[in-house]
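In the order they appear, the protein sequences are chains A and B.
Here our numbering runs 103 ahead of the position in the first sequence, where the first position is 1.
Here our numbering runs 33 ahead of the position in the second sequence, where the first position is 1.
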Amino acid sequence: GDSVTQMEGPVTLSEEAFLTINCTYTATGYPSLFWYVQYPGEGLQLLLKATKADDKGSNKGFEATYRKETTSFHLEKGSVQVSDSAVYFCALKLNNQGGKLIFGQGTELSVKP
Amino acid sequence: GAVVSQHPSWVICKSGTSVKIECRSLDFQATTMFWYRQFPKQSLMLMATSNEGSKATYEQGVEKDKFLINHASLTLSTLTVTSAHPEDSSFYICSARQDQPQHFGDGTRLSIL
């Protein structure tokens with residue numbers, strides 16, 4: 104079935120380090136791909152998205168490119184800040200499923216000063 | 034931007050009681066609302082999808098009689114956990130959408146003693 108797999112956390116980095124969080128997916132159709140961020144005790148916020156192959160989503164210094172050939176949507180940021188500490192979820196949405204999102208297991212990021 | 038309000042944010046109650054959680058879209062009409070459950074350090078699991086004026090569609094393994102969902106208007110959906118027990122303790126998150134994307138509430142932490 105359709106699924107999303109993320110690299111396991113927690114990921115601990117020093118401030119200004121480079122971040123990569125891997126995400127791969129399995130889908131029968133042509134999904135849209137998303138990254139959501141969840142701060143402690145809060146709901147999810149959309150970070151970025153890509154709707155078709157080779158699209159690059161970007162926001163707040165984060166980027167992810169929709170790679171159909173490798174079925175991946177890795178999240179990257181060149182220089183992380185302490186305020187980026189949160190849990191990051193990769194998700195996919197199949198366009199014929201009424202908006203239903205399938206989430207990865209989440210990756211906790213902790214950035215130390 | 035679009036805002037989804039979830040209430041209450043935290044509830045503690047005795048085993049056997051019923052708890053109602055509200056999800057409101059504040060500045061848009063939500064044709065579809067989703068209810069998710071999240072266990073500590075785990076991903077979001079979709080419980081059900083509700084469309085205004087019709088019965089909710091539950092995911093496999095979710096008890097309809099346990100988790101009652103009502104979507105009476107385009108701005109309000111409610112989730113009632115009936116006869117709650119300690120194993121129902123969790124973080125419940127709703128999301129709402131008009132077109133795209135989904136907007137998430139801040140979640141409700143439910144603790145059953």
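Every residue gets a Cβ at the ideal spot worked out from N, C-alpha and C, and that includes glycine.
Under DSSP, the beta strand (DSSP E) around residue i begins and ends at which residues?
i                           : result
methionine 110 (chain A)    : Note, methionine 110 (chain A): premise wrong, no beta strand (DSSP E); not H, not E.
histidine 40 (chain B)      : 37 to 40
tyrosine 125 (chain B)      : 123 to 130
glutamine 71 (chain B)      : 65 to 71
leucine 101 (chain B)       : 100 to 106
tyrosine 128 (chain A)      : 126 to 129
serine 146 (chain B)        : Per the sequence shown, the amino acid found at residue 146 (chain B) is leucine instead of serine. Unbroken run through leucine 146 (chain B): none, as it is neither H nor E.
phenylalanine 176 (chain A) : Note, phenylalanine 176 (chain A): premise wrong, no beta strand (DSSP E); not H, not E.
serine 182 (chain A)        : Note, serine 182 (chain A): premise wrong, no beta strand (DSSP E); not H, not E.
glycine 160 (chain A)       : 159 to 162
leucine 212 (chain A)       : 210 to 215
phenylalanine 61 (chain B)  : Per DSSP, phenylalanine 61 (chain B) belongs to no beta strand (DSSP E) and is neither H nor E.
leucine 197 (chain A)       : Where leucine 197 (chain A) is concerned, there is no enclosing beta strand (DSSP E), given that its DSSP letter is neither H nor E.
glutamate 96 (chain B)      : No beta strand (DSSP E) holds glutamate 96 (chain B); DSSP gives it neither H nor E.
Could you check which residue in the options has the C-alpha nearest to that of residue i?
i                           : options                                   : result
asparagine 125 (chain A)    : A:Glu172, A:Phe192 and A:Ser188           : A:Phe192
cysteine 127 (chain B)      : B:Thr108, B:Gly140, B:Lys97 and B:Thr64   : B:Gly140
serine 161 (chain A)        : A:Gly202, A:Gly181 and A:Gly104           : A:Gly181
lysine 99 (chain B)         : B:Trp43, B:Pro41, B:Ser51 and B:Gln39     : B:Ser51
leucine 109 (chain B)       : B:Gln75, B:Gln71 and B:Glu55              : B:Glu55
phenylalanine 137 (chain B) : B:Lys53, B:Thr65 and B:Cys46              : B:Thr65
aspartate 105 (chain A)     : A:Ala167, A:Ile205, A:Glu211 and A:Glu166 : A:Ile205
histidine 118 (chain B)     : B:Gln62, B:Thr111, B:Ile145 and B:Met80   : B:Ile145
Could you name the residues that DSSP lists as bridge partners for residue i?
i                       : result
glutamine 141 (chain A) : A:Leu147 and A:Val190
serine 87 (chain B)     : DSSP, once it has assigned bridges, lists no residue as partnering serine 87 (chain B).
glutamate 55 (chain B)  : B:His40 and B:Thr111
leucine 122 (chain A)   : A:Lys180
histidine 118 (chain B) : For histidine 118 (chain B), which the question treats as bridged, DSSP gives no partner whatsoever.
*asked:* With three or more C-beta pairs closer than 8 Å as the rule, is the segment 190 to 206 of chain A touching the segment 121 to 140 of chain A?
replied: With a cut-off of 8 Å, the segment 190 to 206 of chain A and the segment 121 to 140 of chain A count as touching, because enough Cβ pairs lie within range.
*Examine the Cβ distances between the segment 140 to 159 of chain A and the segment 111 to 118 of chain A and report whether three or more of them are shorter than 8 Å.*
Counting Cβ pairs under 8 Å, fewer than three are found: no touch.
_Pairs of beta-carbons, one from the segment 88 to 95 of chain B and one from the segment 41 to 48 of chain B, closer than 8 Å: are there three or more?_
No, the segment 88 to 95 of chain B does not touch the segment 41 to 48 of chain B.
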